[in-house]
Each structure stands twice: as structure tokens, then as C-alpha cells.
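In the numbering used here, the protein residues as written are 68 to 222.
1) Could you tell me the distance, in whole angstroms, from the CA atom of residue 194 to the CA atom of residue 184?
2) Measure the C-alpha to C-alpha separation of residue 74 and residue 151 and round it to an integer number of angstroms.
3) Between residue 100 and the rest of its own chain, which residues show a CB-CB distance below 8 Å, the 5 nearest in sequence each way excluded?
4) Taking the alpha carbon of residue 206 as the point to measure from, which residue in 155, 116, 142 has its own alpha carbon closest?
5) Measuring straight from C-alpha to C-alpha, what distance separates residue 71 and residue 109?
6) If you pair each beta-carbon of the segment 123–138 with each one of the segment 166–179, do three or more pairs fall below 8 Å?
7) For residue 173 versus residue 117, is the C-beta distance shorter than 8 Å?
8) When you compare each of 204, 212, 82 to residue 186 by their alpha carbons, which one comes out closest?
9) Buried or exposed: where does residue 114 fall if 16 or more other Cβ atoms within 10 Å of its Cβ makes it buried?
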């Protein structure tokens, strides 16, 4: 029987408060690796459905899928050596779709212990500096502009 490989299509979800605080999660098997919610597509689900499922699985946050903001950004990158074994042998790159989940304030988080060991709410600047992934860092750095746009539209 062939092993079930992960699909090289994933999502990144920047969960943040309207004040610019970002939720980061520390990987359980790789202490010191901090990230936003991430996850691979399963079966034929859409990117939005993947993002919604991953947020629920990794944080316990429950919300309507339409609360996710699709930033219409896709990053393609080489798979990190620590995770390459999860993909078919000929797969070397992943395509990641970026979403955000704006929250009015910090909410309690229920971690999936097999995936993450800790979480932190940080300013967007601190969160960007702590991420091990360049695509995660870059998405968080875009948050300032997104928040400014939202503030301008609400005034």
C-alpha cells in the first residue's frame, strides 16, 4: 500500500486582533519554530475550507468560514528538509495561499498538543521577527498595511 503523502498545496492564516496583535504557535516537535496557523489541503477541499479546518484543529477557534480574509497571495517555496518526508519523493516545492482572521480582541486558544506546545499573542513587529518562515514573516509585515486600510475604510 502506498503511503498517504501530503499535498503540496497549503494555507497560512495570520490570526490577529484589530489592535495588531498576532497569534503565533510553537511547533511541538521543533521547539523554537514559531508560526501562524498552517496546513495542507486534504482531498479536493478549497483553500478557504483548508484554512477554516486548520484554524479549528490548531486553535479551537470556531467561526464562520467567510470570516477569513483571502489576501489573494500565493507563495511558492522549497519544502523545509524537516518536513520533506511527508511529501511524495518527487515533490520539492509547496504553494501556500495566505489568509487572515481578524478578531476584535484576543480569544482563548486550545492547542492541538501533537502539533503545538505553546502560543503567544505578540505585536505584529515581534511576531514577524519570531517566525522561522519567510512567507509567514512577510504576511505579518503586510498586516500593518491591511489594518491601516481597514481603519481608513471604517472612518
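For glycine and all other residues, C-beta sits at the position ideal for the given N, C-alpha and C.
Per the coordinate set shown:
1) 17 Å
2) 11 Å
3) 93, 94, 199
4) 142
5) 11 Å
6) yes
7) no
8) 82
9) buried
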